[in-house]
Amino acid sequence: MERINKSVRIFMGIKIKEYRKRMRLTQNVFASMVKAAHNTEASWENGEREPSMAQLYMIAKITGAGVSEFFPPLVDEEGQVMEKELITDFRNLNDQGQTLAAAAVKGLSQMPEYRKKNE
Numbered sequence: 001m002e003r004i005n006k007s008v009r010i011f012m013g014i015k016i017k018e019y020r021k022r023m024r025l026t027q028n029v030f031a032s033m034v035k036a037a038h039n040t041e042a043s044w045e046n047g048e049r050e051p052s053m054a055q056l057y058m059i060a061k062i063t064g065a066g067v068s069e070f071f072p073p074l075v076d077e078e079g080q081v082m083e084k085e086l087i088t089d090f091r092n093l094n095d096q097g098q099t100l101a102a103a104a105v106k107g108l109s110q111m112p113e114y115r116k117k118n119e
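Heads up: the sequence shown begins at 1 in full-length UniProt numbering, then just goes up one per residue.
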């Protein structure tokens, strides 16, 4: 069976670390919860290795996340994954963050070097 590629492992590691930190757990504690060695859990977070399917299921169960949360999104027919992620990220910001983000996007959209060329 082919191992998943590095970019997927890195994404998965970032998500595992993100969920572990949200739960305010050390790598040692989290590793013991998913029945893995500390250095194994650390290698997941560093994108060097990926958890087995059984371990990933356990991670999802412990964190309350869906298994799919640990994989990068698949691009839909129209390639609009980035827009969906931006909207989700924007909605997660508080009022001040949303104001700053909107101003930054508005500013960039008015700069010729960042505008799309008319097709």
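Quick reminder that beta carbons are idealized off the backbone N, C-alpha and C, glycines included.
- The beta-carbon separation of I16 and F70, rounded to 7 Å, stays under the 8 Å limit for a contact.
- For A103, the enclosing alpha helix (DSSP H) covers residues D95 to S109.
- Residue state for A42 is assigned as helix, using DSSP reduced to three classes.
- Where K15 is concerned, the enclosing alpha helix (DSSP H) starts and stops at K6 to R22.
- Secondary structure at V34: coil, using DSSP grouped into helix, strand and coil.
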